[in-house]
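Undergrad: This is the structure, below, for whatever I ask next.
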Amino acid sequence: MLTAFTRRSLLLALGVSLVGAQTTVTISAKASHRIPITLWGMMFESGDGGLYAELLRNRAFQLVQPGSASSLDAWKAVGGAEIAVVADSEPVSNALPNSLALTVPGGASGPVGVANEGFWGIKVSASSQYNASFFYRFPEASEFSGDATVSLQSIDGKTLGRATIKLSGSQTTWKQVFATFTPKTDAQNTNNTFAVAVDGEAAAGQTIHFALFSLFPPTFNDRPNGMRIDIAEALAEMGPKVWRFPGGNNLEVIRFMSLPGETPATRWQWNATTGPLQFRPGRQGDWGYINTDGLGIYEYLLCNPLQGLSRTGFSLRGISIPEDQLGPYIQQAADQINFVIGDPAESEAAALRASLGHPEPFKLRRVEVGNEDFIGTAPTTYTYRWPAFVNALQKQFPDLSFMATTQVTGPVLTPKPAEYDVHVYQTPKWFSDNAFFYDDFEAIVQRNNTLYFEGEYAATSTNSSDIFGTPEHGRLLFPTIQGSSGEAAFMIGLERNSDIVFAAAYAPLLNHIENSQWTPNLVSFDAGNVYRSTSYYVQKLFSHNRGDEYLPSTLPVRNTTLHWGVVRRGANEIIIKVANAGDSAQTVTFSLPFDTVAKTANLELLAGGSPSASNTPNTPNAVTPQNSTVPIGKTFDYKAPAFSLSVLTFTAE
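Numbered per mature numbering (1 follows the signal peptide of the UniProt record, and there is no 0), the sequence shown spans residues -21 to -1, 1 to 632.
Structure representation (structure tokens):
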């Protein structure tokens, strides 16, 4: 393997030849470094209403004020029912203190109950079996005995599918009941509701308490409490090899939004996300909505159907806690790691994992200590938080690497971090101009075995003066081909520097188009559809064409819009990526050093003529990869269209 100095010198020695608007690129047959299998991955924060397949919003009335209008978010009365969220005197669990009290008025008739609108709609398919459940009890014993009907209803009142569940008035303690049903017809749209109702005449005068309603469609790989199939399939299609979870800001105490009741105790805590759902209290998420934590740490770890994921780790953070009070937070971090990789015979947390059905340890290589500790006053406390966590955890887990989240340039940390998590949100032009971002780390910090995770990056705005502003000031609602081609140029730089960049993840990953706190996102969705963005296809093309080793070539000119990189996969498969982030086509000549070269190359081309071309709910397939073949030889020209990513694959030896 070449040293970093030799690698850099070789790249410079290859030179660059410009003839008019055409560039000549000379490629070396000798690899400079292996490309880590972990290079392309994902960053994920919260699954409610999206990746988590649960169809009901506000299913357990978590963290709401009983009696308030907002406590009934997504719910409505059916057939004249009187409904209210109450602080139950005998709750289903300490974690879920609230319940829904339903009173059937005297003289009622017909179906009387409640309905839930889901996460801004519910998709109903005749090919799917739905699994419904809820807890119920009668606060006062009665002689009532009858059926509760669970059903999916269209907006015009048509019953799409239904089942019945026996209820008994003598049931004064909580009982969980279940039903399954398959709709007889597809719904015309997603404007549907889930209803639970009793016969009004038979139940007149009765009060029933309900807790933890649930409705699941079929899930990815048929896993209970699992993931929404179409979203999980979209993520799996990218071929990610790293998954950073449970995210960035969402694991912390609220920082960007001022919400009541926020204390360090409300941070994401791994042990509150395990076990039966009725024992998961949920939390106020960092992005303004309540997290049920139904998709908890164990569910994350079981995501092997997203094949090949190697978990980068968890962000474990005591937020501005005084140094002498960090002990409990460090212990919780150790317990969390033991839950993932510990020996059940030696660790209570590992024994919990085993009791859930997974006695074998999961794979864990890295633990991230914190998240974006370069913001505000965080660096001043990180200088004691970092050593407190790392020194304690390294003793217990000597095989793990620990990743810092401050700026690479400071503050000075002891022990010296072996890895850093770097985040950048910028304009399309910035990404293209900064394809040499990590090449320049040789000037900022020497290549001294420090590794880097580009843990969050995206072209978010066309306005460099207001990166996080509103759409009126340039903020992108969806990725555009201009932004995606700029990201592709930056990713070519990541690939070139993959001797020090071991992983990268676009962020954010997912958003519901009816309720989004951040744009743009890699994948958007609503109750019925998934929308793959232009940046999604860039990520997929890079991941599917990663290669095993990097072949040095003539370096692109800095601050231009044309960038390229060359990798080899296996013994003789060559992959050339060309990103053109400019508004006109550009031609590049490739000179290959091989004795034999295939006559044609497979071309995967992602291109959009307009810089604002974008895949949206109205135009979901405006820009998608197109496959073709192009003639090549030992020397050949390739014309890269404006705002494009081209991937050329061929054999040579």
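For every residue, glycine included, the Cβ atom is placed at its ideal position computed from N, Cα and C. Source: prediction; values computed, not measured.
1. For W54, which beta-bridge partners are listed by DSSP?
2. Measuring CA to CA, which of G26, N581 and V602 is closest to G264?
3. Here's the rule I'm using: 16 or more other beta-carbon atoms within 10 Å means buried, otherwise exposed. How should A550 be labelled?
4. When we look at the beta-carbon of F481 and count the other beta-carbons within 10 Å, is it buried (16 or more) or exposed?
5. Decide if G205 is buried, meaning its Cβ has at least 16 other Cβ atoms within 10 Å, or exposed.
6. Taking the C-alpha atoms as reference points, what is the distance between S299 and A357?
7. Counting only the same chain and skipping the five closest in sequence on each side, list residues whose C-beta sits under 6 Å from that of residue 633.
8. Taking contact to mean 3 or more Cβ pairs, one atom from each stretch, closer than 8 Å, check whether the region 438 to 450 and the region 387 to 396 are in contact.
9. Sorted by chain position, which residues of the same chain lie with C-beta nearer than 6 Å to H452's C-beta, five sequence neighbours on each side aside?
10. For S147, collect the residues of the same chain with a Cβ closer than 6 Å to its Cβ; drop the 5 residues on either side in sequence, then sort them by chain order.
11. Could you tell me how far apart the beta carbons of S570 and T513 are, in whole angstroms, since I believe they sit closer than 8 Å?
12. Here's the rule: buried if 16 or more other CB atoms are within 10 angstroms of the residue's CB, otherwise exposed. What is E433?
13. Who are the Cβ neighbours of V103 in its own chain at under 6 Å, not counting the five residues just before and after it?
14. From P203 to R223, what does the alpha carbon distance come to, in whole angstroms?
15. Can you tell me whether S326 is buried or exposed, with buried defined as 16 or more other CB within 10 angstroms of its CB?
16. Would you report the Cα separation of residue 633 and G20, rounded to the nearest angstrom?
17. What is the rounded straight-line gap between the Cα of P45 and the Cα of D209?
18. Is it buried or exposed for A66, if we count other Cβ within 10 angstroms and need 16 for buried?
19. Excluding five sequence neighbours on each side, which residues of the same chain lie with their C-beta closer than 6 Å to the C-beta of L584?
20. Taking the straight line between their C-alpha atoms, what separation do you get for Q150 and Y268?
21. With respect to the beta strand (DSSP E) encompassing D616, which residues constitute its N-terminal and C-terminal limits?
22. When DSSP labels each residue in this structure, what does W19 get in the three-state scheme?
23. Would you say E193 and S112 are within 7 Å of each other, going by their C-beta atoms?
24. Pull up the distance between the alpha-carbon of T252 and that of E493, whole angstroms please.
25. Cα-Cα, which of L81, Y399, V567 and G100 is closest to G92?
26. Just to confirm before moving on: does the CB-CB distance between A127 and V175 stay below 7 Å?
27. Can you tell me the Cα-Cα spacing of D201 and I16, whole angstroms?
28. From the DSSP secondary-structure annotation, give me the bridge partner or partners of G389.
29. Of the residues T164, N73 and F469, which one's Cα is nearest the Cα of V403?
30. Please classify Q386: is it buried, with 16 or more other beta-carbons within 10 angstroms of its beta-carbon, or exposed?
31. So, helix, strand or coil for W222, using DSSP?
32. Measuring alpha carbon to alpha carbon, tell me which of N508, I554, V129 and A74 ends up nearest L520.
33. By Cβ distance, which residues of its chain are closer than 6 Å to residue 659, with the 5 residues on each side in sequence left out?
34. Shortest alpha-carbon distance to P197 belongs to which of Y31, N559 and G336?
35. Over what stretch of residues does the beta strand (DSSP E) that includes residue 636 continue unbroken?
36. Measure how close the beta-carbons of A506 and Y436 come, nearest whole angstrom, since I'm counting them as under 8 Å.
TA: The structure says:
1. N95
2. G26
3. A550 counts as exposed, since fewer than 16 other beta carbons sit within 10 angstroms of its beta carbon.
4. buried
5. buried
6. 7 Å
7. No answer is possible for residue 633: the residues shown for the chain start at -21 and end at 632.
8. Segments in contact, no.
9. N442 and D445
10. The beta carbon of S147 sits closer than 6 Å to the beta carbons of S124 from its chain, once the five residues preceding and following it are set aside; these are given in chain order.
11. Actually they do not touch by this definition, with Cβ atoms about 31 Å apart.
12. buried
13. L131, L139, P162, A166 and N171
14. 23 Å
15. When all chains shown are included, S326 counts as buried.
16. The first residue shown for the chain is -21 and the last is 632, placing residue 633 beyond what the model contains.
17. 35 Å
18. exposed
19. Q605 and S625
20. 34 Å
21. T614 to A619
22. strand
23. The residue you asked about is not Glu; residue 193 is Ser in the sequence shown. Yes.
24. 26 Å
25. L81
26. yes
27. 28 Å
28. Q386
29. For the residues T164, N73 and F469, the minimum Cα distance to V403 belongs to F469.
30. exposed
31. strand
32. I554
33. There is simply no residue 659 to check, as the chain begins at -21 and stops at 632 in what is shown.
34. Y31
35. The chain is shown from -21 up to 632; residue 636 falls before or after that span and cannot be answered.
36. The pair is not a contact, with the Cβ atoms about 29 Å apart (cut-off 8 Å).
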